[in-house]
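Visitor:
Numbering (our numbering), first residue to last: -16 to 276.
1. So, under 8 Å CB-CB, residue 127 and residue 175 are touching, yes? Tell me the CB distance rounded to an integer number of Å.
2. Look at residue 162 and residue 9 and say whether their C-beta atoms are less than 9 Å apart.
3. By how many angstroms is the C-alpha of residue 264 removed from the C-alpha of residue 178?
4. Helix or strand or just coil, what does DSSP make of residue 265?
5. At what residues does the alpha helix (DSSP H) containing residue 170 begin and finish?
6. If you measure between the beta carbons of residue 135 and residue 85, is that distance less than 9 Å?
7. Applying the criterion that 16 or more other CB atoms from any shown protein chain within 10 Å of the CB defines a buried residue, is residue 53 buried or exposed?
8. Quick one: what does DSSP say residue 111 is sitting in, helix, strand or coil?
9. Say whether the stretch 244 to 255 touches the stretch 182 to 191, bearing in mind that this needs 3 or more beta-carbon pairs closer than 8 Å, one atom from each stretch.
10. Kindly confirm or deny that the stretch 28 to 36 and the stretch 68 to 87 touch, where touching means at least three C-beta pairs closer than 8 Å.
11. Could you tell me how far apart the beta carbons of residue 23 and residue 95 are, in whole angstroms, since I believe they sit closer than 8 Å?
12. When you compare each of 88, 237, 231, 17 to residue 133 by their alpha carbons, which one comes out closest?
13. Are the stretch 54 to 70 and the stretch 107 to 124 in contact at 8 Å, needing three or more beta carbon pairs?
14. Kindly indicate the opening and closing residues of the alpha helix (DSSP H) around residue 159.
15. Hey, how far is the Cα of residue 218 from the Cα of residue 169?
16. Taking all protein chains shown into account, do 16 or more other C-beta atoms lie within 10 angstroms of the C-beta of residue 241, making it buried, or fewer, making it exposed?
17. Give, in chain order, every unbroken run of the beta strand (DSSP E) that is at least 3 residues long and sits entirely within the stretch -4 to 56.
18. Going by the beta-carbon positions, is the gap between residue 172 and residue 235 smaller than 9 Å?
19. So for residue 64, helix, strand or coil by DSSP?
20. Within the continuous alpha helix (DSSP H) that includes residue 195, where are the two ends?
21. If I follow the unbroken alpha helix (DSSP H) through residue 218, where does it start and stop?
22. Taking 9 Å as the cut-off, decide whether the C-beta atoms of residue 123 and residue 44 are in contact.
23. Alpha carbon to alpha carbon, what distance is there between residue 227 and residue 125?
24. Give the straight-line distance between the Cα atoms of residue 92 and residue 115, rounded to the nearest whole angstrom.
25. Once the 5 residues before and after residue 266 are set aside, which same chain residues still bring their CB inside 7 Å of it?
26. What is the DSSP secondary structure of residue 224, reduced to helix, strand or coil?
27. Which two residues bound the contiguous alpha helix (DSSP H) that contains residue 90?
28. Just how far apart, CA to CA, sit residue 224 and residue 76?
29. What residues in its chain sit with their C-beta under 7 Å from that of residue 195, if we drop five residues either side in the sequence?
30. What does a CB cutoff of less than 6 Å around residue 192 pick up in its chain, not counting 5 residues either side in sequence?
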């Protein structure tokens, strides 16, 4: 009598591969996607509520680069942000709280993303969930920190200084540069988010190389196209001015070539194996049928 077969799920209860999982229908996938999005949304809302409770501390932290740039640009008086509408401050604080909530919810969001794609992965790939979530969160925060401590002071000082230079030769007309509360908050959030996404590039390349989708050869071959796409992405992810585009484009280009190194380390064995196979096929003798002809 044959013994019943059992699926080896491993010590952690995960199937050895996609073939060991129960196939999901299209509507099952939609239901799973809805659950993952709902959980990520709940984490975002909770993060935003917590952030709004400390909104004064968060906005004070956001204004620090502005104050430093104000002093460096030699502006007169106390650093000033204008409020042009009664509800601007309230609405801006809500948006800032949502943005801060996104930062706090980032690990949960990345985890939900991973768990949505995990059923289609092998057991060995599923064990990357913790490194993936941790590295994604760290890289996102690192990009935002680079923007906050390096890029924002430089960009803000440039705009304030450029406005001061417009006074030259205008006679009695005086040009003063001023940010509104809402505009500066929007500017900071776009910059922080853009740089956070940008710093995910090496991680994305790592997984794409691991999956065999791209290699370092592909990245080096198409680097000119990559520079063009980086410029377009910089214009989309930052305020539409040349200074911030370059301030994002230059580090993003550097990260692209860092990603090439990452792809080289990951995909080098695969590329060498393909080259050996091509060499063997080229050196193989022709078929006997070709000789008869």
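For every residue, glycine included, the Cβ atom is placed at its ideal position computed from N, Cα and C.
Guide: On the basis of the supplied data:
1. Position 144 of the chain shown, counting from 1, holds the residue named residue 127. Position 192 of the chain shown, counting from 1, holds the residue named residue 175. The pair is a contact, with the Cβ atoms about 4 Å apart (cut-off 8 Å).
2. To locate residue 162, count along the chain shown from 1; it is residue 179. To locate residue 9, count along the chain shown from 1; it is residue 26. No, they are not a contact pair.
3. In the chain shown, counting from the first residue as 1, residue 178 sits at position 195. In the chain shown, counting from the first residue as 1, residue 264 sits at position 281. So the two alpha carbons sit approximately 46 Å from each other.
4. Here residue 265 is taken as the residue at index 282 of the chain shown, counted from 1. Reduced to three states, the DSSP call for residue 265 is helix.
5. Position 187 of the chain shown, counting from 1, holds the residue named residue 170. Note, residue 170: alpha helix (DSSP H), 164 to 181.
6. The count along the chain shown starts at 1 and reaches residue 135 at position 152. The count along the chain shown starts at 1 and reaches residue 85 at position 102. No, they are not a contact pair.
7. On the chain shown, position 70 is the one that residue 53 refers to. Looking at its Cβ environment, which holds 16 or more other Cβ atoms inside 10 Å, residue 53 is buried.
8. Working through the chain shown from its first residue, we reach residue 111 at position 128. DSSP places residue 111 in coil when its eight states are reduced to three.
9. yes
10. yes
11. As a first step, residue 23 is located in the chain shown; it is residue number 40 there, counting from the start. As a first step, residue 95 is located in the chain shown; it is residue number 112 there, counting from the start. Confirmed, about 5 Å.
12. On the chain shown, residue 133 is found 150 positions in, with the first residue counted as 1. For the residues 88, 237, 231, 17, the minimum Cα distance to residue 133 belongs to 231.
13. no
14. One-based indexing of the chain shown puts residue 159 at position 176. Unbroken run through residue 159: none, as it is neither H nor E.
15. Taking the chain shown and counting its residues from 1, the one referred to as residue 218 is at position 235. Taking the chain shown and counting its residues from 1, the one referred to as residue 169 is at position 186. Cα to Cα, the separation comes out at about 15 Å.
16. In the chain shown, residue 241 corresponds to position 258, counting from 1. The residue is exposed, with fewer than 16 neighbouring Cβ atoms inside 10 Å.
17. none
18. The sequence position of residue 172 within the chain shown is 189, counting from 1. The sequence position of residue 235 within the chain shown is 252, counting from 1. No; because the gap between Cβ atoms is not below 9 Å, this pair is not in contact.
19. As a position in the chain shown, residue 64 is number 81, starting the count at 1. In this structure, residue 64 counts as strand in the three-state DSSP scheme.
20. As a position in the chain shown, residue 195 is number 212, starting the count at 1. Here residue 195 belongs to no alpha helix (DSSP H), and DSSP marks it neither H nor E.
21. Residue numbering aside, residue 218 sits at position 235 when the chain shown is read from its first letter. Segment 206 to 220, the alpha helix (DSSP H) holding residue 218.
22. Here the question's residue 123 lines up with position 140 in the chain shown. Here the question's residue 44 lines up with position 61 in the chain shown. The answer is no: Cβ separation not under 9 Å.
23. Here residue 125 refers to the residue found at position 142 when the chain shown is read from its first residue. Here residue 227 refers to the residue found at position 244 when the chain shown is read from its first residue. Residue 125 and residue 227: Cα-Cα distance of roughly 18 Å.
24. Taking the first residue of the chain shown as position 1, residue 92 is located at position 109. Taking the first residue of the chain shown as position 1, residue 115 is located at position 132. One C-alpha to the other measures close to 12 Å.
25. The residue you call residue 266 lines up with position 283 of the chain shown. Closer than 7 Å at Cβ, skipping near neighbours: no residue.
26. In the chain shown, residue 224 corresponds to position 241, counting from 1. DSSP places residue 224 in coil when its eight states are reduced to three.
27. The count along the chain shown starts at 1 and reaches residue 90 at position 107. Unbroken alpha helix (DSSP H) run through residue 90: 71 to 100.
28. By 1-based counting over the chain shown, the position of residue 224 is 241. By 1-based counting over the chain shown, the position of residue 76 is 93. Using only the alpha carbons, I get a separation of about 25 Å.
29. Numbered from its first residue, the chain shown carries residue 195 at position 212. Result list for residue 195: 253, in chain order.
30. Translated into positions along the chain shown, residue 192 becomes position 209. Closer than 6 Å at Cβ, skipping near neighbours: 246, 249, 250.
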